[in-house]
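J.:
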Amino acid sequence: MASIGYGGERDADTPRASGSEDGPLRAHQTEGPLPVLHVSGTVDLNSHKAWGRLLRQATVGDGELHLDLAQLAFIDMRGVSILVNVAGELPSGARIVVHGSPPHMRRMMEVLWPDGVDALTIKGDAQ
Amino acid sequence: MTAAPVPATDDPFYHPALYYAGDQEYLDGTIPFIEEALAVDAPVAVSVPGPNLALLRRALGASAARVQMLDMTEAGANPGRIIPGVLRAFADKHPDRRVHIIGEPIWASRTAAEYPACAQHEALINHAFTGRDVAILCPYDTDGLDPQVIADSLATHPVLIDGSGRRTSDDYDPDRIVAEYNRPLEGRPPSAITREFDRETVDNARWFTTSYGRGAGLAATRLIDLEIAVTELLTNSVCHGGAGGLLSIWTEQDRLVCEVSDAGHITDPLAGRRPVDGDQPYGRGLLLVNQIVDLLRTHTGPRGTTMRFHIGLPAAGAPSQRR
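The listed protein sequences derive, respectively, from chains A and B.
Quick note: the first sequence uses my numbering, first residue 9, plus one each step.
Quick note: the second sequence uses my numbering, first residue 57, plus one each step.
1. Thinking C-alpha only, which one of B/Gln347, B/Thr291 and B/Leu74 is nearest glycine 87 of chain A?
2. Can you tell me whether proline 68 of chain B is buried or exposed, with buried defined as 16 or more other CB within 10 angstroms of its CB?
3. Put aspartate 231 of chain B into one of helix, strand or coil per three-state DSSP.
4. Look up isoleucine 322 of chain B in the DSSP assignment and say whether it is helix, strand or coil.
5. Taking only the alpha-carbon atoms, compute the straight-line gap between leucine 74 of chain B and glutamate 81 of chain B and give it to the nearest angstrom.
6. If distances are taken between C-alpha atoms only, which option among B/Leu210, B/Pro325 and B/Gly219 comes closest to aspartate 226 of chain B?
7. Quick one, are the C-beta atoms of arginine 64 of chain A and valine 105 of chain A less than 8 Å apart?
8. Note down, in chain order, each residue of its chain lying with its Cβ closer than 7 Å to the Cβ of proline 370 of chain B, except the 5 sequence neighbours on either side.
9. Should aspartate 66 of chain B go down as buried or exposed, given a rule of 16 or more other Cβ atoms within 10 Å for buried?
10. Any idea what DSSP makes of arginine 237 of chain B, helix, strand or coil?
11. As a quick exercise: from B/Thr287, B/Gln309, B/Thr307 and B/Arg311, pick the residue whose alpha carbon is nearest that of glycine 301 of chain B.
12. In angstroms with no decimal places, state the Cα-to-Cα distance between aspartate 324 of chain B and glutamate 170 of chain B.
13. Name the chain A residues whose beta carbon is nearer than 8 Å to that of valine 234 of chain B?
14. If the criterion is Cβ atoms closer than 8 Å, does the pair histidine 46 of chain A and aspartate 76 of chain A meet it?
15. Could you check where the beta strand (DSSP E) with glycine 159 of chain B kicks off and where it finishes?
16. If I measure Cβ to Cβ from valine 100 of chain B and keep anything under 6 Å in the same chain, skipping five residues before and after, which residues do I get?
17. Compare the Cα-Cα distances from leucine 147 of chain B to each of B/Thr186, B/Thr129, B/Ile162 and B/Asp254 and report the closest residue.
18. Measuring alpha carbon to alpha carbon, tell me which of B/Pro151, B/Ala173 and B/Thr212 ends up nearest alanine 179 of chain B.
19. Can you list, in chain order, the residues of its chain with a C-beta nearer than 7 Å to that of glycine 269 of chain B? Leave out the 5 residues immediately preceding and following it.
20. Give me the DSSP bridge partner(s) of glutamine 35 of chain B.
21. Under 8 Å, Cβ to Cβ, is there at least one residue of chain A near leucine 352 of chain B?
22. Output needed for isoleucine 83 of chain A: all residues of its chain with C-beta closer than 6 Å, excluding positions within five of it in sequence on either side, in chain order.
23. Report all residues from its chain with a CB closer than 8 Å to the CB of isoleucine 348 of chain B; omit the five preceding and five following residues, and keep chain order.
24. In chain order, what residues of the same chain have a beta carbon less than 6 Å from the beta carbon of glycine 85 of chain B, not counting five sequence neighbours either side?
25. Chain B beta carbons: is any one of them nearer than 8 Å to that of valine 119 of chain A?
26. What are the uninterrupted segments assigned as beta strand (DSSP E) that are 3 or more residues long and contained completely in the stretch 62-128 of chain A, given in chain order?
27. Assuming valine 119 of chain A and leucine 344 of chain B are in contact, meaning their beta carbons sit under 8 Å apart, how far apart are those beta carbons, in whole angstroms?
28. In this structure, what does DSSP give as the bridge partners for serine 317 of chain B?
29. According to DSSP, is glutamate 308 of chain B helix, strand or coil?
30. Along the chain, where does the alpha helix (DSSP H) that runs through proline 140 of chain B open and close?
31. Let's see if you can read the secondary structure: which residues bound the alpha helix (DSSP H) around proline 88 of chain B?
32. For a test of the three-state rule: what should DSSP assign to isoleucine 217 of chain B, helix, strand or coil?
33. From B/Met363, B/Thr354 and B/Thr362, pick the residue whose C-alpha is nearest to that of alanine 175 of chain B; which is it?
34. Could you name the residues of the stretch 289-300 of chain B whose beta carbon sits closer than 9 Å to any beta carbon of chain A, in the order they occur along the chain?
35. Would you verify that the beta carbon of glycine 341 of chain B is, or is not, closer than 8 Å to some beta carbon of chain A?
36. Kindly give me the distance between the Cβ atoms of asparagine 134 of chain B and aspartate 350 of chain B, rounded to whole angstroms, as I take these residues to be in contact under 8 Å.
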């Protein structure tokens, strides 16, 4: 998998395409001054557990988690809910910053969380 | 069902129907309701069809600035959106005050496809607001509406108001209306494309649906709504409706129609019509669908559930297929 970020790529401990519960969700992390977790594939009923696990592993500590979702093909409502819930469980001062959020994710946020979510910053798509 | 109706005398929730014919009766019935609230600085919202909104705006003059005004034909085009997206959205912003709302969800040009969800909406308001310190006045146009609509309103409103005064409805029975309008949907047209789906093919079904929508000429923002809506219905079917079902899609008149049917039974008539906090099955997915489609129709029972939604196509001139 190509590194998109700041070098020092390593594979995150995340599931592979399997057609089973874990589904086609992939992630890798780029290290550097601003570590970024890049997620691609699909977050749906076949990958909710993997998505939740990925986010909880990545948000250990009280810093910022930068998520790049520009290559995410689709995320469903429960996938967005999981992200919102993980952000809600963060210790004070920690936050999740989403880069390259897909348009359908922003649409769901606008409808279901119109006042935004503390500890979660959603930035527009990179394209 | 969240709760049985409680005796009106103990319940601060007030839900009268107002029968009017013509502008003067409309104003006579609505303006005092608004002014009474404004006099004690209570929050007031008006969500009615555009012409009546304009009528109220003119009559209220400067006071209109103190009233939240929405065109119900836009905010409430899909009846399933009105409770969460209009009524609760306003009432929940003022948890410590008595809230006054004028909501007119049924107008003369409501279609036969829309009406069952409208009647159920009026019935379900009673359950959605039981015990709440809220007053919702629902105007009914006796000149323009079908007699059956007026008859149904007697069952969905505990209190009735007309030129002769106010009385308790002897026919009040909202659950009867919820059940009566839970009707099988008319058959799919021959042009409909139907396919099976299950957990393994949800991704493919979503891709197929958006491809069809793109081919039918949906605008980019509506394609996103289509993709979200179909995914939530497919997901509900896999998770709660017997592991899969049938997906159908077609275009008719000025809209794309998408239908998902499965073997599940939705026993909570307020599913998708009330804001949710927890993880109720169906709840938040249907809530989302209700807010982004132009109409969501439902038929549900022990033998299965069919949900059908409409998304408007661009006006003539845009590319289309299978019309």
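For glycine and all other residues, C-beta sits at the position ideal for the given N, C-alpha and C.
T.: Taking the definition as stated:
1. B/Thr291
2. exposed
3. helix
4. coil
5. 10 Å
6. B/Leu210
7. no
8. Gly273 and Ala275
9. exposed
10. In the sequence on display, residue 237 of chain B carries tyrosine and not arginine. Tyrosine 237 of chain B: coil per DSSP, three-state reduction.
11. Its Cα nearest to that of glycine 301 of chain B, the residue B/Thr287 stands out among B/Thr287, B/Gln309, B/Thr307 and B/Arg311.
12. 20 Å
13. None at all; the shortest Cβ gap to chain A is about 25 Å.
14. yes
15. 155-159
16. So the list reads Ile90, Ala93, Val123 and His156, once near-sequence residues are dropped.
17. A quick correction: the sequence has alanine, not leucine, at residue 147 of chain B. Here the closest residue by C-alpha is B/Thr186.
18. B/Thr212
19. Leu279, Leu282 and Leu312
20. Residue 35 of chain B lies beyond the residue range present for chain B, which begins at 57 and ends at 379; the question has no answer from this structure.
21. No, leucine 352 of chain B lies away from the interface with chain A (no Cβ there is under 8 Å from its Cβ).
22. Val51 and Met113
23. Asp281, Ile284 and Ala285
24. Leu74 and Tyr76
25. yes
26. 72-76, 80-83 and 103-107
27. 6 Å
28. Secondary-structure assignment with DSSP links serine 317 of chain B through a beta bridge to B/Leu302 and B/Thr362.
29. Correct three-state label for glutamate 308 of chain B: strand.
30. Unbroken run through proline 140 of chain B: none, as it is neither H nor E.
31. 79-95
32. strand
33. Closest option to alanine 175 of chain B, Cα to Cα, is B/Thr354.
34. Leu290, Thr291, Val294 and Cys295
35. Yes, its Cβ sits closer than 8 Å to a Cβ of chain A.
36. 6 Å
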